[in-house]
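Colleague: In full-length UniProt numbering, the protein residues as written are 1 to 322. Here a beta-carbon is modelled for each residue, glycine too, at the ideal position from N, C-alpha and C. Sharing a structure below in structure tokens format, with a few things to ask.
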């Protein structure tokens, strides 16, 4: 059903400009202004002059500056509230308190947009002539004002407000309150976003630490791998060098031995020739000659065989060295 309340205050100079939408307002949605309604029985300026004149005729002096002969009541309505319901409310007010409404304006285009949705400020302005026939102001007690709240709720078919003392918000006050609500919502959103940002930053820092750890492990593994390659390469090189040096030494030794055998072979052949000459010269010593020849032949064959073996072994060693 919704609750209603009415707040009455002295009419402001720019009331009609606001009520007739003669000025653009940032809390008004123009596309909703066609939902507004107005009923006008008189202008504020004409009714104010009439009240001042009646007061002068009665009292014989001008109305005081602080007087409020014209007052405006802002009443909370619902989307279905009609002009007829508000006029009925005005009629009861005139009958009960003697205050006459001469303008009624229904506004359904005001509100504010928060982070989620549009929140309308549905209300109506009821402009009263708050004077008696003699021009003096009508005086309503606290109880009368409380009764005025009840009349409004009954006329509009809405629940009565919590208290007649409840402060009503003007358009600018309402705008300010809405702005505060929006600011609070925005502050909450920012706080939530900052918390999320902090969480993301912490996660990012953790990931960066893990990444640095992974990179460090990779670098260590690379260094170990390179060191291992160098180590094994060094060991392999050392072994190969040692083997080569040993083979070279062996070859050199074999070559030296081969030279010695060659020298011995040459000497043996020379000795053979010498011995042969002696045998031919020696008479009656054929057996000695034959033995010497056999020995020389045996020695020569043995030396030739050893020399051939050394050559073969040397050739194989050279192949191994490449």
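If contacts are defined as beta-carbon pairs under 8 Å, then residue 54 and residue 121 qualify, I think. What distance do you get, rounded to the angstrom?
Modeller: Actually they do not touch by this definition, with Cβ atoms about 36 Å apart.
Colleague: Tell me whether residue 161 is buried or exposed, calling it buried when 16 or more other Cβ atoms sit within 10 Å of its Cβ.
Modeller: With 16 or more Cβ atoms within 10 Å of its Cβ, residue 161 is classed as buried.
Colleague: Using a Cβ-Cβ cutoff of less than 8 Å, which residues in the same chain neighbour residue 36 once the five nearest sequence positions on both sides are dropped?
Modeller: The answer, listed in chain order, is 21, 105, 106, 107, 108, 109.
Colleague: Whose C-alpha, out of 265, 219, 27, is nearest the C-alpha of residue 114?
Modeller: Selected option, being the one with the closest Cα: 27.
Colleague: Within 10 angstroms of its Cβ, does residue 45 collect 16 or more other Cβ (buried), or is it exposed?
Modeller: Counting Cβ neighbours within 10 Å, residue 45 comes out exposed, since fewer than 16 surround it.
Colleague: Please name the residue or residues paired with residue 38 in a DSSP beta bridge.
Modeller: Looking at the DSSP assignment, residue 38 forms a beta bridge with 105.
Colleague: Quick one: what does DSSP say residue 266 is sitting in, helix, strand or coil?
Modeller: Helix, per DSSP.
Colleague: Cα-Cα, which of 49, 59, 271, 74 is closest to residue 123?
Modeller: Measuring from the Cα of residue 123, the nearest candidate turns out to be 74.
Colleague: Between the beta-carbon of residue 155 and the beta-carbon of residue 49, is there less than 8 Å?
Modeller: Going by C-beta atoms, residue 155 is not nearer than 8 Å to residue 49.
Colleague: Taking only the alpha-carbon atoms, compute the straight-line gap between residue 163 and residue 146 and give it to the nearest angstrom.
Modeller: The predicted model places residue 163 with a pLDDT of 47, which falls under 50 and marks its position as unreliable; any figure quoted below should be read in that light. Answer to the nearest angstrom: the Cα atoms are 8 Å apart.
Colleague: Around the C-beta of residue 263, are 16 or more other C-beta atoms found within 10 angstroms, so that it is buried, or is it exposed?
Modeller: Residue 263 comes out exposed.
Colleague: Look at the alpha carbon of residue 245 and the alpha carbon of residue 314, and state the distance between them as a whole number of angstroms.
Modeller: Taking the straight line from one Cα to the other gives about 15 Å.
Colleague: Is the CB of residue 38 under 8 Å away from at least one CB in chain B?
Modeller: Reference to chain B is not applicable here, since this structure consists of a single protein chain.
Colleague: In this structure, how does DSSP classify residue 133 when only helix, strand and coil are distinguished?
Modeller: Coil at residue 133, not helix or strand.
Colleague: My understanding is that residue 69 touches residue 130, with C-beta atoms under 8 Å, so please give their C-beta distance in whole angstroms.
Modeller: Rounded, the Cβ-Cβ distance is 6 Å, consistent with contact.
Colleague: When DSSP labels each residue in this structure, what does residue 148 get in the three-state scheme?
Modeller: Reduced to three states, the DSSP call for residue 148 is helix.
Colleague: Who pairs with residue 128 in a beta bridge, going by DSSP?
Modeller: DSSP lists 71, 101 as partners of residue 128.
Colleague: Using beta-carbon positions only, say whether residue 150 and residue 77 come within less than 8 Å of one another.
Modeller: No, they are not a contact pair.
Colleague: Give me the residue from 83, 42, 207, 212 with the minimum Cα distance to residue 128.
Modeller: Answer by Cα proximity: 42.
Colleague: With DSSP run on the structure shown, which of helix, strand or coil describes residue 110?
Modeller: Three-state DSSP puts residue 110 in a strand.
Colleague: On the CB-based measure, 16 or more other CB atoms within 10 Å of its CB, does residue 223 come out buried or exposed?
Modeller: Result: exposed.
Colleague: Would you tell me roughly how many angstroms separate the C-alpha atoms of residue 39 and residue 196, rounded to the nearest one?
Modeller: Near 53 Å, if we compare the C-alpha coordinates of residue 196 and residue 39.
Colleague: Closest to residue 94 by CA distance: which of 126, 79, 112 is it?
Modeller: The residue with the shortest Cα to Cα distance from residue 94 is 126.
Colleague: Rounded to whole angstroms, what's the CA-CA distance from residue 319 to residue 247? Just pull it up for me.
Modeller: Approximately 11 Å between the Cα atoms of the pair.
Colleague: Identify, in the order they occur along the chain, each residue of the same chain with its Cβ nearer than 8 Å to the Cβ of residue 97, setting aside the five sequence neighbours on each side.
Modeller: Contacts found: 138, 140, 144, 148.
Colleague: Hey, quick one: how far does the alpha helix (DSSP H) through residue 6 stretch, first residue to last?
Modeller: Careful: residue 6 lies outside any alpha helix (DSSP H), inside the beta strand (DSSP E) at 6 to 10.
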